[in-house]
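Per this note's numbering, residue 438 is the first one in the sequence shown, and the count goes up by one each step. Even for Gly, the Cβ is constructed at its ideal location relative to N, Cα and C.
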Amino acid sequence: MFTEHAISVAIVNSFSEKLIDGFDLDVAIVGAGPSGLVAAKYLADAGVKTALFERKLAPGGGTWGGGMLFNEAVVQQEALHILDAFNISYKEVKDGYYTLDTVEMASGLIFGAMKAGAKMFNSVSVEDIVFKENQVGGLVINWTPVERLGMHVDPLTVMAKAVIDGTGHPSEIMKLASSKAGIKLDTETGGVIGEKPMWAETGENQTVESTREYYPGLYACGMSASNVSGGYRMGPIFGGMLLSGEKIAEIIVNKLKK
Ligand code: 48H
438 MFTEHAISVA IVNSFSEKLI DGFDLDVAIV GAGPSGLVAA KYLADAGVKT
488 ALFERKLAPG GGTWGGGMLF NEAVVQQEAL HILDAFNISY KEVKDGYYTL
538 DTVEMASGLI FGAMKAGAKM FNSVSVEDIV FKENQVGGLV INWTPVERLG
588 MHVDPLTVMA KAVIDGTGHP SEIMKLASSK AGIKLDTETG GVIGEKPMWA
638 ETGENQTVES TREYYPGLYA CGMSASNVSG GYRMGPIFGG MLLSGEKIAE
688 IIVNKLKK
């Protein structure tokens, strides 16, 4: 027999267990866009304790809307192995360019990351970092509705050996780190340079090139990496985002092994 009481207790107990476990991580990823989700899958596949913190109710970031709400995106040949790893379908349209349905892409990336063992905390906004002994050591989190309503409610803290800024265009965590902790980032200026206009091919390459550690404990992937190091934007082609997620996972797995 089901009781209302048992249902409520089951949900709160189950969530509390997940949240308490998530307070102590190997890797905390801010933002569940395509790059963060790919990073989460590969990290979890490697046995790294990983969780994603996503401001919105629905993870997936900028994937859902495709190009100008046409729910299709383009991926280039170099990134197809990642779509294959998530079992996401695509079709070739022209010499090395493929299209895919962005609803299948978003849902496939979310499902793949979680099935690999990454935990998801959605409707959770990261409002600050933990900064101790010249090292980024975790995240300060609160419910998105608390943030949106401007309620004066103190946050909770997540500790992590590595923090990935996967917040997309605004590079929110990098900005926080340089403004609040006075951190000098590993960029030409020491700060967040800001993204340049559209140049798809160069932007795609720069996204992958700029995927790295920017300060001890603080890494960037996807559009955030591109923005922090002053790369060009690329529009609705997603191979660079996927490859960036794969690269940051590889960098961190190797680092954690040492
Ligand atoms: C919790 C947060 C916070 C916060 C933000 O923008 P995204 O999809 O990120 P990427 O880099 O994986 O993909 C970028 C791609 O979608 C894109 O925008 C492209 C290719 N643009 C090209 C162009 O020319 O315009 O996802 C970032 C996620 C979002 O879901 C945010 O809600 C979330 O991060 N987020 N979550 N706490 N402080 N800030």
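Around the beta carbon of residue 570, fewer than 16 other beta carbons sit within 10 angstroms, so the residue counts as exposed. Boundaries of the alpha helix (DSSP H) around residue 473: 471 to 482. Look at residue 558 here: in three-state DSSP terms it is strand.
Relative to the ligand 48H, residue 507 has its C-beta separated by 7 Å or more from all heavy atoms.
A direct Cα-to-Cα measurement between residue 485 and residue 690 gives close to 7 Å. Taking C-beta atoms under 8 Å as the contact rule, residue 672 and residue 635 qualify, at a distance of about 6 Å. Burial state of residue 495 is exposed, judged by a 10 Å Cβ sphere holding fewer than 16 other Cβ atoms. Looking only at 652, 543, 574, the smallest Cα-Cα distance to residue 473 is reached by 543. Residue pairing by DSSP places residue 580 opposite 561 in a beta bridge. Within the chosen limit of 7 Å, the ligand 48H does not reach the beta carbon of residue 649 with any heavy atom. Residue 620 and residue 653 have their C-alpha atoms spaced approximately 10 Å apart.
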